[in-house]
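Protein chains in written order, with our numbering: chain A, 48 to 395; chain B, 48 to 395. Positions of the beta carbon are idealized from the N, C-alpha and C atoms, including for glycine.
2 protein chains.
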Amino acid sequence: MRHAVILAGGSGTRLWPASRRDRPKQLLPIANGDEPMIAGVVSIAREVADRVIVVTAETLVEATLAAVPNVEVITEPVGRNTAAAIGLAGALIAGRDDHATLIVLPADQHVRDRAAMTAALAACLSAVERDDVIALVGIPPVRPETGFGYLKVETWGRRHVPMPVERFVEKPDLDTARAYLACGGYLWNAGIFCLTARRLLAELDEHLPLTASGVRQIAHDNGLIVDPRSIYEKLPSISFDNGVMEKTDRVVVVPAAAGWNDVGSWAAIREVRGAGEDGNTTTGPTIVLDGSGNVVLSDDDTLIAVVGLSDVVVVKSGDAVLVMQRNEAQRVREVVEALKSRGLARYL
Amino acid sequence: MRHAVILAGGSGTRLWPASRRDRPKQLLPIANGDEPMIAGVVSIAREVADRVIVVTAETLVEATLAAVPNVEVITEPVGRNTAAAIGLAGALIAGRDDHATLIVLPADQHVRDRAAMTAALAACLSAVERDDVIALVGIPPVRPETGFGYLKVETWGRRHVPMPVERFVEKPDLDTARAYLACGGYLWNAGIFCLTARRLLAELDEHLPLTASGVRQIAHDNGLIVDPRSIYEKLPSISFDNGVMEKTDRVVVVPAAAGWNDVGSWAAIREVRGAGEDGNTTTGPTIVLDGSGNVVLSDDDTLIAVVGLSDVVVVKSGDAVLVMQRNEAQRVREVVEALKSRGLARYL
Chain A
48 MRHAVILAGG SGTRLWPASR RDRPKQLLPI ANGDEPMIAG VVSIAREVAD
98 RVIVVTAETL VEATLAAVPN VEVITEPVGR NTAAAIGLAG ALIAGRDDHA
148 TLIVLPADQH VRDRAAMTAA LAACLSAVER DDVIALVGIP PVRPETGFGY
198 LKVETWGRRH VPMPVERFVE KPDLDTARAY LACGGYLWNA GIFCLTARRL
248 LAELDEHLPL TASGVRQIAH DNGLIVDPRS IYEKLPSISF DNGVMEKTDR
298 VVVVPAAAGW NDVGSWAAIR EVRGAGEDGN TTTGPTIVLD GSGNVVLSDD
348 DTLIAVVGLS DVVVVKSGDA VLVMQRNEAQ RVREVVEALK SRGLARYL
Chain B
48 MRHAVILAGG SGTRLWPASR RDRPKQLLPI ANGDEPMIAG VVSIAREVAD
98 RVIVVTAETL VEATLAAVPN VEVITEPVGR NTAAAIGLAG ALIAGRDDHA
148 TLIVLPADQH VRDRAAMTAA LAACLSAVER DDVIALVGIP PVRPETGFGY
198 LKVETWGRRH VPMPVERFVE KPDLDTARAY LACGGYLWNA GIFCLTARRL
248 LAELDEHLPL TASGVRQIAH DNGLIVDPRS IYEKLPSISF DNGVMEKTDR
298 VVVVPAAAGW NDVGSWAAIR EVRGAGEDGN TTTGPTIVLD GSGNVVLSDD
348 DTLIAVVGLS DVVVVKSGDA VLVMQRNEAQ RVREVVEALK SRGLARYL
């Protein structure tokens, strides 16, 4: 059977003040009207998988099930990055389905063209079930993005043909990202991939043996003999990319120009939502006079009026308001640090 | 007796979103901590007057008495500008005190140096009671302000000596305001002045006879025979400056460098409150990173975070947030117009 494994343990702060400790990005209605981001990912998963499993933190189970009621949930006892989370899901799924295929999807991404994504995933699944590879979806870059990892390939075409990945590339600086964009031999690594549960456990055995034995023990014991938390919290905290993908030679990639966006900052909201006639991206009661390129978002009846300013972000969410230049949207992290250091962590 | 007449009928919108229809500027705690502006004016009035009377609109009586509990209130049936309001107060006061002297003070101003203001008012009162003049307090200008009227004098000194006013000057353009500031022969007209109630009524008889007869009729009838509203609403809507001051030859002025500020825009908040070590003027929970010259005000527990922006105004008040350049603070009026024209008048 095909099992979608949706990774929803994150608690990102880059969309503060909308994203908070108890309401991470994947639960926000950022992209499609009132739909939480994870609901869009679940829709894609249902197209290609027989079952949908969400891996999330204990503290987020209730909110996650409120957002996507008809999924199974695997709880991470603590956060230990993606290798452990994927390994845990793989071991649990393998325990009940000896021939499971996994489709791994981050929960906090937006895909504009869902048909293109499901077609790419279908191509990935065919390759996985035919050749026992690890098949990634790669996104043809549309801007010199410095916030993502890249996949180096020979060259990418438009058809859903798996091709070998020459190497994984860490987040580049701007000049390098521009060169990647120009040369045409690089794809964004969206963290979306398929592989069999057996292949997953075999790769973990080879490259992350502590993770492999830990998640197997949790899955086999099923909570009866050992305390899963005590095992899980000892697992190495490493990403699946770093721990497995970059070390194995079984990785292929299927390009998919699917309008993928990780909505990693308030600036990205503009790409996902577009702008109105006056050039501004707004939600809720807003007035923008003599300004364009602004992202002005109110999460309730609070009116936001912006006068004579362009290319700024003004976000009112809950008990906080953020005002910044749009092209400096990554500086939200500085706000988060300042809130911690100034005794204002209650706003996180 | 000396009667302070505090004009508190205004419903200015220049401090929106703090100032609203039901909470005009004089009721806001803008300048001194939690003290409404009118309370500061009442404090000055008590220093120089035997009684304090506040003239305000029917809709504002309750809120006004909450802000300044121990005053008498005269209610304007409708708003008819300052000539009618002052005339009504003068007629009512003259009806019970044949030898009343009036000290007229706008309610929505901030005076940093109250001792300097009371000394100037004492000099005005002496002149009024000795020479039956109309004695204004004039403020030595400290910037080329285009938002005030000016008083042309020979030249002004620092001592509290009344001097003749050569003429009243309407709000100038910036070049003219700069020339006024440079030449030293101009004072700001703060709308603060003293005169006897008899002189007031005599001047109204001469220059605004309809106003004179109307307010006399209301004062004499005391509501028994006529409907005061039906009389008052027929009075000409004209300022006391335009209707009387500019036409009589009895005006003198006492200069007072009293740190006077009409707090006519959010930019002025900076002058009144000063700035912190980081160069920002803030109230409530705020974080400003990498920016100075900002005015960042939150009226409750809502956190405001401003990153990488300087010289902007961010005001959260009630159910609205305003974001604008500080040097364009007068554009709040455009917001108010837009709220009316876009069906958002509930935010006014």
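Within chain A, no C-beta atom comes nearer than 7 Å to that of B/LEU75; the closest sits roughly 18 Å away. The DSSP-derived three-state label of A/THR60 is coil. A/HIS146: not part of any alpha helix (DSSP H); DSSP gives it neither H nor E. Residue pairing from DSSP places B/HIS50 in a beta bridge opposite B/ARG98 and B/LEU149.
Proximity of chain B to A/ALA322 at the Cβ level (cut-off 8 Å) is not reached, the minimal Cβ distance being about 18 Å. In this structure, A/VAL342 and A/ALA78 do not form a Cβ contact; the two beta carbons are roughly 13 Å apart against a cut-off of 8 Å.
Sorting A/LEU172, A/GLY57, A/ALA392 and A/GLY323 by C-alpha distance to the C-alpha of A/THR129 places A/GLY57 at the top. Against chain B, a Cβ distance below 8 Å from A/LEU336 picks out ARG378, GLU381, VAL382 and ALA385. With its beta carbon at least 7 Å from every one in chain B, A/VAL362 lies outside the interface.
As summarised for the region 265-307 of chain B, the continuous beta strand (DSSP E) elements at least 3 residues long and confined to that stretch are 298-302, given in chain order. Contacts between A/ALA367 and chain B, judged by CB atoms closer than 9 Å, involve PRO332, THR349, LEU350, ILE351 and ALA352 in chain order. Within chain B, no residue has its beta carbon less than 9 Å from that of A/LEU234; the closest one is some 32 Å off. Straight-line measurement puts the Cα of B/ASP337 at about 42 Å from the Cα of A/GLU213. Chain order gives the chain B residues near A/GLY355 as MET371, GLN372, GLU375 and ARG378, where near means a beta carbon separation below 7 Å. DSSP places A/GLU176 in the uninterrupted alpha helix (DSSP H) bounded by 161-178. The beta carbon of B/TYR394 sits closer than 7 Å to some beta carbon of chain A. In the DSSP assignment, A/GLY185 forms a beta bridge with A/ASN236 and A/PRO302. Residues of chain A whose Cβ lies closer than 9 Å to the Cβ of B/LEU62 do not exist; the shortest such Cβ separation is about 13 Å. In the three-state reduction of the DSSP assignment, B/PRO219 falls in the coil class. The beta carbon of A/GLU123 is closer than 8 Å to those of GLY56, VAL102, THR103, ALA104, GLU105, ALA131, ALA132, LEU135 and TYR279 in its chain, skipping five residues each way along the sequence. Between the region 111-120 of chain B and the region 217-231 of chain B, the count of Cβ pairs shorter than 8 Å is below three; the stretches do not touch. A distance below 7 Å separates the beta carbons of A/ILE150 and A/ALA51. Taken through DSSP and simplified to helix, strand or coil, B/ILE77 comes out as coil. Of all alpha-carbon atoms in A/ARG246, A/MET164 and A/GLY194, the one lying nearest the alpha-carbon of A/HIS207 is that of A/MET164. In the assembly as shown, A/ASP268 is an exposed residue. Its beta-carbon has fewer than 16 other beta-carbons within 10 Å.
With respect to the 7 Å criterion, B/LYS199 and B/TYR233 are classified as neighbours on the basis of their beta carbons. Fewer than three Cβ pairs drawn from the region 187-194 of chain A and the region 150-162 of chain A lie within less than 8 Å of each other, which leaves the two stretches out of contact. Cβ-Cβ distances below 7 Å link A/GLY326 to SER339 and GLY340 in the same chain, with the five nearest sequence neighbours on each side left out; the list follows chain order.
Against chain B, a Cβ distance below 9 Å from A/LEU391 picks out PRO332, ILE334 and LEU350. B/GLU250 sits in a helix when the DSSP states are folded into three classes. Cβ neighbours of B/THR202 within its own chain (closer than 8 Å, five residues either side excluded): GLY231 and GLY232. Per DSSP, B/LEU255 is not a residue of any beta strand (DSSP E), being assigned neither H nor E.
Only buried fits A/HIS254, as 16 or more other CB atoms lie within 10 angstroms of its CB.
Here the C-alpha atom of B/GLU119 lies approximately 16 Å from the C-alpha atom of B/ALA266. A/TYR197 is bridged by DSSP to A/VAL216 and A/TRP235.
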